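This report refers to the structure that appears directly beneath it.
2 protein chains.
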Amino acid sequence: MEECDIQTKQYNVPVEATLEVIGGKWKVVILCLLKEGTKRFGELHRYMPSASKKMLTQQLRELEEDGLVNRSVYHQVPLKVEYSLTEQGESLRTILNLMCEWGEARIHK
Amino acid sequence: MEECDIQTKQYNVPVEATLEVIGGKWKVVILCLLKEGTKRFGELHRYMPSASKKMLTQQLRELEEDGLVNRSVYHQVPLKVEYSLTEQGESLRTILNLMCEWGEARIHK
DNA sequence: CAGCATCCACGTCGATACTG
DNA sequence: CAGTATCGACGTGGATGCTG
Chain A
1 MEECDIQTKQ YNVPVEATLE VIGGKWKVVI LCLLKEGTKR FGELHRYMPS
51 ASKKMLTQQL RELEEDGLVN RSVYHQVPLK VEYSLTEQGE SLRTILNLMC
101 EWGEARIHK
Chain B
1 MEECDIQTKQ YNVPVEATLE VIGGKWKVVI LCLLKEGTKR FGELHRYMPS
51 ASKKMLTQQL RELEEDGLVN RSVYHQVPLK VEYSLTEQGE SLRTILNLMC
101 EWGEARIHK
């Protein structure tokens, strides 16, 4: 991705700005898991086994850069890293909840 | 994509079922445009010029197959095709509205 | 106008192996 | 445990030209 300055970038449809940060392949899934509480890397990975560690790391890094997710490292052995929603991430809670509910409704129909 | 039977497919996180149908690169943008009213193919294309006709067609077809979008063909010359939300598509309106608002808030912050 | 068919460059993503 | 590094296959998606 080249330049992505959200301030200068032009959008014909405002929702494109939203997709820019949560449009990644696994991002909404990650956010849905984190809205239930802080989680460690391996824990996230267990919930989404079809995402490789590489993918998971990549998506988490981007979410962190965009200010939606917090990353806390505990320098102990074995290493421990925890992920959680930032305030920005929390502001998506309503949307995430609705998306989850919509999915459930679609499965059980 | 191979088998995608939503009834038999297992999801660790229910939102995956949602992403299965609206996770495509341009689907949410299309749905956001259609929630404002019926639109023709060319009209949609004008609102999202960075999506090729091929891409737009592909995404519309998938949305149609998943029952979110209606396709009406008027056999006149020149040909006229209109797209609109189905009832299933309408059930996403709240989510789409919130996503748009969230995007606008992020742009103007 | 609203597509479809074809070709092909490019980037994404998985697999594997290694590290602090 | 939580990653990083590297390689290479594959699929996505752009460009172009044609059609009902």
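Chains as they are written, first to last, in this note's numbering: chain A, 1 to 109; chain B, 1 to 109.
C-beta: ideal position from N, C-alpha, C; glycine also.
Nothing here was measured: the structure is a model prediction, and the numbers come from that model.
Query                                                                                                     : Result
Backbone CA spacing between Arg93 of chain B and Arg40 of chain A [nearest angstrom]                      : 34 angstroms
Whole-angstrom distance between Glu43 of chain B and Arg15 of chain B, CA atom to CA atom                 : Here residue 15 of chain B is Val; the residue named in the question, Arg, does not match the sequence. Rounded to whole angstroms, Val15 of chain B to Glu43 of chain B spans 31 angstroms at the Cα level.
Limits of the beta strand (DSSP E) - the one that Leu85 of chain B falls within                           : 80-85
Tyr47 of chain B, enclosing alpha helix (DSSP H) - first and last residue                                 : 41-47
Per-residue burial, Glu2 of chain A [other beta carbons within 10 Å of its own, 16 or more giving buried] : Legend: pLDDT at Glu2 of chain A = 35, less than 50; position of this residue unreliable, value from coordinates given subsequently. It is exposed - the Cβ of Glu2 of chain A has fewer than 16 other Cβ atoms within 10 Å.
Counterpart residues of Ser72 of chain A in DSSP-defined beta bridges                                     : A:Glu82
Nearest candidate by alpha-carbon position, reference Val81 of chain A, set A:Gly23, A:Trp102, A:Thr57    : A:Thr57
Minimum C-alpha distance to Lys53 of chain A - residue among A:Gly67, A:Val77, A:Ile30, A:Tyr74           : A:Ile30
Anticipated Cβ contact below 8 angstroms, Leu34 of chain A with Tyr83 of chain A, distance rounded        : 6 angstroms
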